[in-house]
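Colleague: Residue numbers (the working numbering), protein chains in the order written: chain A, 521 to 841; chain B, 2 to 543.
Virtual Cβ for every residue (Gly too), placed ideally from N, Cα, C.
Predicted model only: the values in this text are computed from it and were never measured.
Questions regarding the structure given below will be posed in turn.
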């Protein structure tokens, strides 16, 4: 289980596993920083020790040689660190871009944090608490939110972390490179049992994952969303015929929407979520702000189901205007 | 407060300690030196209370299971530890004790510009400390020192309001001290004491004061908003009321990142005094060290966003904050190089204060370098909110700031108390603290990269070895801190009488008796020479 690139002979682990495509990228930058930092620390420490011995006060060295300074040296030790810093900066930025730019074909999972558990929703219908099953060798995008306070989705062996915020979606993604069970932690302090908000990410070979995914699946979120859409009466306004008082949702997802009073917004998960909870915030051009809020009437899981239902309405492509 | 008579031997001439007696003469004093001692007692109390909570945290973490304290209690312990140490010890420590005592002495003044305001600042501090003490007695607060919303505003059931009020109030003490120091530095300098003849400690206090005046109001506003949201549900931070929880983090770190420099800049100032004194040498690159303080104060305002790289901040904002965070590291690096270069061809004595100063340089270097890890966006994703962060800021604040504070306390102790401390005990304690500190916090870097999140009451078994090392180090560190506390008190009665200038230092504070007379200087000194004007066989340019 342990594959520690640093000091592998120690009887206890000092380095996390490299179990995602991100992990080696993060670690290579770490090695660069460790190398330069160790060099600097040793240099400073050696100089201090050497000077303290060589120039200690003793007979024959009662007075110092007074040196005011040196502009050349000052420029040297301003510019040199700056160059090294900029290398670290650019390198760090490139890893960050990689870590926060999920590939478009990533497998999507919803994650909801609440005091003190993680709830995950697969699109095929599987739900999990504190465990997250994922396939090896495929990018997984986790769309995160929180039901109460701020939590943080942290998988050390993947080098992945993203806060889960109440009231909005954030996203994390990773691609596991080896099968295994990895720690999932909540990294943002969230109250009394913060340290019990832990679970596992179980990375499985694709075939095993498919099998797992098929077992025990009930309704998919989109199917549950369709039912909820009717139960909440959404379909009385959001319809394609002339009685529609709200925008037709077919083919909506991922499109640009023109808003009342100018402005354009992309109809993504965050926009749909906002429109359910705060409908007056961004009203589609040509419609009245008559929709009531569903805040408090529908849970975070329900919102996920509704979003997935709206997404599933992509099929019937309508002719353009 | 009534320790004053103990210090006085009959043959000693009149000084600020023996000129008046009694509790009233202390509680109503306008003498900056006596106010410094009032602060010294207050923040020493805060340090040991904060240390008690740290002890509880480290003992709980000795074993993976949450067994010694209950989860609620553990959360309160680390919260109280952070709140007390940051707001009631680290931020006031050097400015209010050493700064208050030394600023007028170093610039040849009789007192600070506003002596009454100075005393008022202490009372404001004590009122804030009163609210915090009430908070502790009433059961504590469990939000962490960071008060993140909406946990602090809606979900926590502990004493958030009184804790926030204590911080709100103590902030005014900080603002007024900063204001006092800025005016004092501008208006009260002795004739001939131009800006570039000022001791570097004064430069660093000046830079610190600017941050205190400009940044602290934002903290006050933020704490007030937390209180308002908790009581009146105003909906600033809670998304269910239409607020934005990340807004709190922006506001909080807009103060609290500059606050890191409030804590470290005065420490850098102390080290800039100690190194030249014990190398008997002018500081290398005086103007660069001086301007580096100002650059840090300025750039320190522009990096708050590096605390929220994984909190849902825009990727492009993170790019800017990361770059600026690297820039702020440059002036710190400049200081380290200049201190090191000052040792070259010096005449070095490894006294207790010098050991602390050299320890500071080493630990601050490590703290600063690990800051570069955190400024790297890709690394920060992984180590944010882990023990790596905890180790990093303890290297800066404890390894850096507390080492400098203790170095300064030993250096100026003869001036403050009129007594010498026992040198052998001093050196031994400095070494114990250095070793204990590293054993406590170095394993935490490893622990953090391994993945242990901070603020965990229980943890998986694989983290135990490193936690045991850390707790072992903390117990050594605890002993290390009790030693100076003990022998410095001992020296008040039994220490040798201090001469005016036991270190043959050049500062104006050393040209008057130890302890100083009530009004510092009999005649206002006229300054004709640069600082650190130590003798040398010949002048030379490097």
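Counting only the same chain and skipping the five closest in sequence on each side, list residues whose C-beta sits under 7 angstroms from that of residue 446(B).
Modeller: Stepping through the second chain from its first residue, residue 446(B) is reached at position 445. Closer than 7 angstroms at the Cβ level, and outside the excluded window around residue 446(B), lie 371, 389, 392.
Colleague: Within the 7 angstroms Cβ cut-off, does residue 520(A) reach chain B?
Modeller: Residue 520(A) cannot be examined here, being either before or after the span of chain A that is shown, 521 to 841.
Colleague: Rounded to whole angstroms, what's the CA-CA distance from residue 114(B) to residue 620(A)? Just pull it up for me.
Modeller: Stepping through the second chain from its first residue, residue 114(B) is reached at position 113. Stepping through the first chain from its first residue, residue 620(A) is reached at position 100. So the alpha carbons of these two residues sit roughly 53 angstroms apart.
Colleague: What are the boundary residues of the alpha helix (DSSP H) that residue 634(A) is part of?
Modeller: For this step, residue 634(A) is matched to residue 114 along the first chain. First-last for residue 634(A): 627 to 634, but that is the beta strand (DSSP E), not the alpha helix (DSSP H).
Colleague: Listed in chain order, which residues of the stretch 357 to 386 of chain B have Cβ atoms closer than 8 angstroms to some Cβ of chain A?
Modeller: Answer set for the stretch 357 to 386 of chain B: 359, 362, 363, 366, 367, 370, 371, 373, 374, 376, 377, 378, 379, 380, 381, 382, 383, 385, 386.
Colleague: So, are the CB atoms of residue 674(A) and residue 707(A) less than 7 angstroms apart?
Modeller: As a position in the first chain, residue 674(A) is number 154, starting the count at 1. As a position in the first chain, residue 707(A) is number 187, starting the count at 1. Their beta carbons are under 7 angstroms apart, which means residue 674(A) touches residue 707(A) by this criterion.
Colleague: Are residue 153(B) and residue 235(B) touching if we call contact CB-CB under 7 angstroms?
Modeller: Position 152 of the second chain, counted from the first residue, corresponds to residue 153(B). Position 234 of the second chain, counted from the first residue, corresponds to residue 235(B). It is not a contact, given that the beta carbons lie outside the stated cut-off.
Colleague: If I'm right that residue 667(A) touches residue 655(A) with Cβ under 8 angstroms, what's the distance once you round it to whole angstroms?
Modeller: To locate residue 667(A), count along the first chain from 1; it is residue 147. To locate residue 655(A), count along the first chain from 1; it is residue 135. Incorrect: roughly 27 angstroms between the Cβ atoms, too far for contact.
Colleague: Any C-beta of chain A within less than 9 angstroms: which residues of the stretch 302 to 334 of chain B qualify?
Modeller: Those residues of the stretch 302 to 334 of chain B that come within reach of chain A (Cβ to Cβ, closer than 9 angstroms) are 309, 310, 311, 312, 313, 316, 319, 320, 323, 324, 326, 327, 328, 330, 331, 332, 334.
Colleague: Hey, could you find the ends of the beta strand (DSSP E) residue 638(A) is sitting in?
Modeller: Numbered from its first residue, the first chain carries residue 638(A) at position 118. Taken as a continuous stretch (DSSP letters only), the beta strand (DSSP E) holding residue 638(A) covers 637 to 642.
Colleague: So within the stretch 422 to 501 of chain B, which uninterrupted beta strand (DSSP E) runs reach at least 3 residues, ignoring any that extend past its ends?
Modeller: Segments of the beta strand (DSSP E) lying fully in the stretch 422 to 501 of chain B: there are none.
Colleague: Specify whether the stretch 404 to 411 of chain B and the stretch 349 to 367 of chain B touch according to this definition: at least 3 beta carbon pairs, one from each stretch, less than 8 angstroms apart.
Modeller: Touching, yes, given that three or more Cβ pairs across the two stretches are closer than 8 angstroms.
Colleague: Compare the C-alpha of residue 164(B) against each of 177(B), 54(B), 136(B), 150(B) and name the closest.
Modeller: Against the second chain, residue 164(B) aligns to sequence position 163. Comparing Cα positions, the closest option is 136(B).
Colleague: For residue 567(B), go through chain A and note every residue whose CB falls closer than 8 angstroms to its CB, in chain order.
Modeller: There is no way to answer for residue 567(B), as the model of chain B reaches only from 2 to 543.
Colleague: The alpha helix (DSSP H) spanning residue 139(B) covers which residue range?
Modeller: Your numbering for residue 139(B) matches position 138 in the second chain. Looking at the DSSP string, residue 139(B) is not in any alpha helix (DSSP H), and its letter there is neither H nor E.
Colleague: Going straight from the alpha carbon of residue 405(B) to that of residue 726(A), what length do you get?
Modeller: In the second chain, the residue the question calls residue 405(B) occupies position 404. In the first chain, the residue the question calls residue 726(A) occupies position 206. Roughly 57 angstroms between the two C-alpha positions.
Colleague: Between which two residues does the beta strand (DSSP E) harbouring residue 71(B) extend?
Modeller: Here residue 71(B) is taken as the residue at index 70 of the second chain, counted from 1. Element bounds for residue 71(B): n/a, residue is neither H nor E.
Colleague: In its own chain, which residues sit with a C-beta less than 6 angstroms from the C-beta of residue 821(A), not counting the 5 before and 5 after it?
Modeller: For the purposes of this step, residue 821(A) is taken as the residue at position 301 of the first chain. Here the set comprises nothing.
Colleague: Against residue 606(A), what residues of chain B qualify as contacts under a CB-to-CB distance less than 9 angstroms, listed in chain order?
Modeller: Along the first chain, one-based indexing puts residue 606(A) at 86. Chain B residues near residue 606(A): 324, 327.
Colleague: What's the gap between the Cα of residue 539(A) and the Cα of residue 187(B)?
Modeller: Translated into positions along the first chain, residue 539(A) becomes position 19. Translated into positions along the second chain, residue 187(B) becomes position 186. Near 59 angstroms, if we compare the C-alpha coordinates of residue 187(B) and residue 539(A).
Colleague: Between which two residues does the beta strand (DSSP E) holding residue 681(A) run?
Modeller: One-based indexing of the first chain puts residue 681(A) at position 161. Note, residue 681(A): beta strand (DSSP E), 680 to 684.
Colleague: According to DSSP, which residues form a beta bridge with residue 655(A)?
Modeller: Against the first chain, residue 655(A) aligns to sequence position 135. According to DSSP, which records beta bridges pairwise, residue 655(A) is partnered with 724(A).
Colleague: Enumerated in chain order, which unbroken segments of the alpha helix (DSSP H) with a length of 4 residues or greater are wholly contained in the stretch 248 to 307 of chain B?
Modeller: 287 to 300, all fully within the stretch 248 to 307 of chain B.
Colleague: Taking residue 110(B) and residue 185(B) to be in contact with their CB atoms under 8 angstroms, please state how far apart those CB atoms are, rounded to whole angstroms.
Modeller: For this step, residue 110(B) is matched to residue 109 along the second chain. For this step, residue 185(B) is matched to residue 184 along the second chain. Indeed they touch by this definition, with Cβ atoms about 7 angstroms apart.
Colleague: Assuming residue 828(A) and residue 745(A) are in contact, meaning their beta carbons sit under 8 angstroms apart, how far apart are those beta carbons, in whole angstroms?
Modeller: Residue mapping note: residue 828(A) aligns to position 308 of the first chain, counting from 1. Residue mapping note: residue 745(A) aligns to position 225 of the first chain, counting from 1. With 8 angstroms as the limit, residue 828(A) and residue 745(A) qualify as a contact, their Cβ atoms being about 5 angstroms apart.
Colleague: Going by Cα to Cα distance, which pick from 468(B), 285(B), 414(B), 211(B) is closest to residue 263(B)?
Modeller: Residue 263(B) sits at position 262 when you count from the first residue of the second chain. Selected option, being the one with the closest Cα: 211(B).
Colleague: Below 8 angstroms on the Cβ atoms is my contact criterion, and I expect residue 509(B) with residue 106(B) to pass it. Report the Cβ-Cβ distance as a whole number of Å.
Modeller: As a first step, residue 509(B) is located in the second chain; it is residue number 508 there, counting from the start. As a first step, residue 106(B) is located in the second chain; it is residue number 105 there, counting from the start. Between residue 106(B) and residue 509(B) the Cβ distance is about 6 angstroms, and since that is below 8 angstroms, they are a contact.
Colleague: Around the C-beta of residue 789(A), are 16 or more other C-beta atoms found within 10 angstroms, so that it is buried, or is it exposed?
Modeller: Here the question's residue 789(A) lines up with position 269 in the first chain. Buried: at least 16 other Cβ atoms inside 10 Å.
Colleague: Under the rule that 16 or more other beta-carbon atoms within 10 Å means buried, what is residue 283(B), buried or exposed?
Modeller: If you number the second chain from 1, residue 283(B) lands on position 282. Buried, since its Cβ has 16 or more Cβ neighbours within 10 Å.
Colleague: Is residue 531(B) close to chain A? Criterion is C-beta to C-beta, closer than 7 angstroms.
Modeller: Working through the second chain from its first residue, we reach residue 531(B) at position 530. So, not an interface residue.
Colleague: According to DSSP, what are the bridge partners of residue 661(A)?
Modeller: As a working mapping, residue 661(A) is identified with position 141 in the first chain. Residue 661(A) is bridged to 628(A), 693(A).
Colleague: Anything in chain A within Cβ reach of residue 463(B), meaning under 8 angstroms, just list it in chain order.
Modeller: Sequence index remark: in the second chain, residue 463(B) carries index 462 (1-based). Residues of chain A passing the Cβ test: 532, 533.
Colleague: Do residue 347(B) and residue 584(A) count as a contact pair if the criterion is CB distance below 7 angstroms?
Modeller: Position 64 of the first chain, counting from 1, holds the residue named residue 584(A). Position 346 of the second chain, counting from 1, holds the residue named residue 347(B). Going by C-beta atoms, residue 584(A) is nearer than 7 angstroms to residue 347(B).
Colleague: Examine chain B for any beta-carbon lying closer than 7 angstroms to the beta-carbon of residue 529(A), and answer yes or no.
Modeller: Position 9 of the first chain, counting from 1, holds the residue named residue 529(A). Cβ-Cβ to chain B under 7 angstroms: no for residue 529(A).
Colleague: Determine the direct distance from the alpha carbon of residue 379(B) to that of residue 203(B), and round the result to whole angstroms.
Modeller: In the second chain, the residue the question calls residue 203(B) occupies position 202. In the second chain, the residue the question calls residue 379(B) occupies position 378. So the alpha carbons of these two residues sit roughly 38 angstroms apart.
Colleague: What residues in the stretch 704 to 728 of chain A bring their beta carbon closer than 9 angstroms to a beta carbon of chain B?
Modeller: Residues 705, 706, 707, 708, 709, 710, 711, 712, 713, 714, 715, 716, 718.
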